[in-house]
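Before any comments, here is the structure.
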Amino acid sequence: MTMGTPTSSRARIAVSGPQADHAARIAGAVVDPELPMISIADLGVLRGVDVADRTVTVTITPTYSGCPAVQAISDDIVTALRYAGYPDVTVRTQLSPAWSTDDMSEEGRRALAGAGIAPPAHRASGPIPLQLSVRCPQCGSRRTEQLTRFGSTSCKALYRCRDCAEPFDYFKVL
Amino acid sequence: MTTTPSAGSGTSVGTTDVAEYALRLGDDALVLAQRLGEWISRAPELEEDVALANIGLDLLGQARALLSYAGSLTGRTEDELAYFRSAEEFRAAHLMSLPRGDFAVTIARMLIVAAYQRELYARLAGSADETLAGVAGKAIKEVTYHFEHARDWTLRLGDGTDESHRRMQRALDGLWPYVAELFVSDEVEQRLVAAGVAVDSSTLRAGFDQAVDPILAEATLDVPQVPSVSGGGRRGNPGEHLGHLLAEMQSLARQFPGATW
Numbered sequence: 043m044t045m046g047t048p049t050s051s052r053a054r055i056a057v058s059g060p061q062a063d064h065a066a067r068i069a070g071a072v073v074d075p076e077l078p079m080i081s082i083a084d085l086g087v088l089r090g091v092d093v094a095d096r097t098v099t100v101t102i103t104p105t106y107s108g109c110p111a112v113q114a115i116s117d118d119i120v121t122a123l124r125y126a127g128y129p130d131v132t133v134r135t136q137l138s139p140a141w142s143t144d145d146m147s148e149e150g151r152r153a154l155a156g157a158g159i160a161p162p163a164h165r166a167s168g169p170i171p172l173q174l175s176v177r178c179p180q181c182g183s184r185r186t187e188q189l190t191r192f193g194s195t196s197c198k199a200l201y202r203c204r205d206c207a208e209p210f211d212y213f214k215v216l
Numbered sequence: 077m078t079t080t081p082s083a084g085s086g087t088s089v090g091t092t093d094v095a096e097y098a099l100r101l102g103d104d105a106l107v108l109a110q111r112l113g114e115w116i117s118r119a120p121e122l123e124e125d126v127a128l129a130n131i132g133l134d135l136l137g138q139a140r141a142l143l144s145y146a147g148s149l150t151g152r153t154e155d156e157l158a159y160f161r162s163a164e165e166f167r168a169a170h171l172m173s174l175p176r177g178d179f180a181v182t183i184a185r186m187l188i189v190a191a192y193q194r195e196l197y198a199r200l201a202g203s204a205d206e207t208l209a210g211v212a213g214k215a216i217k218e219v220t221y222h223f224e225h226a227r228d229w230t231l232r233l234g235d236g237t238d239e240s241h242r243r244m245q246r247a248l249d250g251l252w253p254y255v256a257e258l259f260v261s262d263e264v265e266q267r268l269v270a271a272g273v274a275v276d277s278s279t280l281r282a283g284f285d286q287a288v289d290p291i292l293a294e295a296t297l298d299v300p301q302v303p304s305v306s307g308g309g310r311r312g313n314p315g316e317h318l319g320h321l322l323a324e325m326q327s328l329a330r331q332f333p334g335a336t337w
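Those protein sequence lines, which keep their order, are chains A and B.
Residues 43 to 216 (this note's numbering) are what the first sequence spells out, left to right.
Residues 77 to 337 (this note's numbering) are what the second sequence spells out, left to right.
Structure below.
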């Protein structure tokens, strides 16, 4: 059985087994510690939940290969599911298909913008991200400039708005 | 975290060869990540400090996936491979372990390595080995960012002041003898190429030159005309610098085996 998360634009979470929907809701509500405003379901990082004999196997995918949040997310999933009554939890990481910012849900994009992080532009297929102007999450201006492509975390670049002069994070297209 | 590579991967090639190949790619990434990490708190500006650390982190992530896979085929963990092998057991190309040098050397090496990895991973993403294809499909997006970053700096430094131009050209001249090793194929690789698992390194040079030559030209830099060194990093000849790098990288794990925090 496969279900899309209610808010998902593209990412789909494969669930199987008794109470898998329940376990998927618990696991999917875990947040990335570096992006606490967005759940891993909305981020598109949760790939699958399988329940067998009350043993849960959760599959997640990293945003970037070296993302240090993967370990924390993994630990938090185990803890959340144990609290929900699933004592035996295994978290697998899956690299393929590679995570893309297009896996992020519309709800997730709104949550980022609400926290002052410009959400990633949608991209066409192909390895080269399109560079479109980035809208300032504070004042909405498109007169913005990149200060540095490698920002406070792997997934973000640092921008500045030339109208309201505020610096802000931009979630890079990947 | 439990990383579970897809077992078997549906090919009939020897797992020893696959493990060896994964080690080569993983060691390249690991050793260069360590070199980039040396810049943390020392880069010429804060933004660049963060950029070099982020690029190193991407490479470290790629290395972990590749070393975990190699280890899963040979009964070892990624940490055992990273921290408890001698320099002779590493398989990184010599280019990766050369001292970080000045900022120009770091940028020139990043341009060379990212151009090479971009060609490599674009092709390896179609590998018959699911795990290698998965790592490559992920890495190609990351090394494209690395390449663009190195390109921008190469243009800025090469076509900058007399001093920045002089240093960029000197960096390229010093690194260029080590470029050829990246494009040397051997029997292990050829067996894997025949099985559709590996990419023939010797076929990557044309794409590399097409990517790098125009950037150097635009940056008013010359493609160095220098003889190549013999290399041997893939064959267990680690060169003179890797041992020193490992002494630092491995010291904690060797003093306190199994340490966690």
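Just so you know, even glycine gets a beta-carbon here, dropped at the ideal spot from N, CA and C.
Contact residues of the region 132-163 of chain B toward chain A are 132, 133, 134, 135, 136, 137, 138, 139, 140, 141 (C-beta to C-beta distance below 9 Å). Looking at the backbone, the Cα of residue 149/B and that of residue 257/B are separated by about 26 Å.
For residue 286/B, the uninterrupted alpha helix (DSSP H) segment begins and ends at 281-294. In the DSSP assignment, residue 54/A falls outside any alpha helix (DSSP H) and lies within the beta strand (DSSP E) extending over 54-58. About 18 Å separates the Cβ atoms of residue 285/B and residue 245/B, ruling out a contact at the 8 Å cut-off. In this chain, the beta strand (DSSP E) harbouring residue 212/A covers 209-213. Among the residues facing chain B, residue 107/A is included, as its CB has a counterpart in that chain under 7 Å away.
Sequence-distant Cβ neighbours of residue 119/A in its own chain, meaning closer than 6 Å and more than five residues away, are 69, 72, 100, 133.
As a beta-bridge residue in DSSP terms, residue 88/A pairs with 102/A. Interface annotation for the region 113-140 of chain A against chain B: 113, 116, 132, 133, 134, 135, 136, 137, 138, 139, 140, criterion Cβ-Cβ distance under 8 Å. Residues of the region 209-239 of chain B whose Cβ lies closer than 8 Å to any Cβ of chain A, in chain order: 209, 210, 211, 213, 214, 215, 216, 217, 218, 220, 221, 224, 225.
Selection 291/B, 279/B, 214/B evaluated against residue 266/B yields 279/B as nearest (Cα-Cα). Taken in chain order, the members of the region 188-216 of chain A whose beta-carbon sits within less than 9 Å of a beta-carbon on chain B are 189, 190, 191, 192, 193, 194, 195, 196, 200, 214, 216.
With respect to the C-alpha of residue 97/A, the residue from 128/A, 211/A, 187/A, 141/A having the closest C-alpha is 128/A.
Across the structure, residue 113/A and residue 218/B are spaced so that their CA atoms are roughly 20 Å apart. About 34 Å separates the Cβ atoms of residue 186/A and residue 135/A, ruling out a contact at the 8 Å cut-off. DSSP, read as helix, strand or coil, puts residue 128/A in coil. Excluding residues up to 5 positions away in sequence, 132 lie with their Cβ nearer than 6 Å to the Cβ of residue 113/B in the same chain. Within the region 78-162 of chain B, the complete alpha helix (DSSP H) runs of at least 4 residues fall at 91-113, 122-150, 154-159.
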